[in-house]
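Asks: Terminal number for the sequence shown in the numbering used here: 366, no gaps in between.
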Amino acid sequence: MIIKPLGDRVLVEPAQAEEVTAGGIIIPDSAKEKPLKGKVIAVGNGTKDEEMIVKAGDVVLYGKYAGTEIELDGAKYLIMRQSDILGIIE
Numbered sequence: 277m278i279i280k281p282l283g284d285r286v287l288v289e290p291a292q293a294e295e296v297t298a299g300g301i302i303i304p305d306s307a308k309e310k311p312l313k314g315k316v317i318a319v320g321n322g323t324k325d326e327e328m329i330v331k332a333g334d335v336v337l338y339g340k341y342a343g344t345e346i347e348l349d350g351a352k353y354l355i356m357r358q359s360d361i362l363g364i365i366e
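Right, dumping it as structure tokens:
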């Protein structure tokens, strides 16, 4: 299934949470820090007031509570407005 975001929305695949062990203790998924970066999978066409700056393939930083989580074919994605993106990692 393919999702094409509308307007100024962006589909982002979040980076995997890093495995952190503290002295041999394995931290469960629920306690891992949520990643704040991801790869842009698809972008909308923008709006008359806001042109799209990000493009598919960009690695971006976004806010902790940005976007809406969706699951597609077993993979988790975020769909958010371009204005929720804080920056592009080059």
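By construction, the Cβ of each residue, glycine as well, lies at the ideal position given by its N, Cα and C atoms.
Got a sec? Which residues, its chain only, sit under 8 Å from Leu287 by beta carbon, not counting five neighbours each side?
Replies: Correct list, in chain order: Ile279, Pro281, Val316, Ile317, Ala318, Val319, Tyr353, Leu354, Ile355.
Asks: Have a look at Gly283, Arg285, Glu289, Val336 and flag the residue whose alpha-carbon is nearest the alpha-carbon of Asp349.
Replies: Nearest of Gly283, Arg285, Glu289, Val336 to Asp349, Cα basis: Glu289.
Asks: Less than 7 Å separating the beta-carbons of Val336 and Ile361?
Replies: Yes.
Asks: Which same chain residues end up closer than 7 Å to Gly339 when comparing Cβ atoms and leaving out the 5 residues on each side of it in sequence?
Replies: The residues are Asp360, Leu362.
Asks: Which first and last residues belong to the beta strand (DSSP E) in which Val319 is found?
Replies: Counting along the chain, the beta strand (DSSP E) containing Val319 begins and ends at 313–319.
Asks: Could you tell me the alpha carbon to alpha carbon distance between Arg357 and Met328, rounded to whole angstroms?
Replies: Those two C-alpha atoms are separated by around 10 Å.
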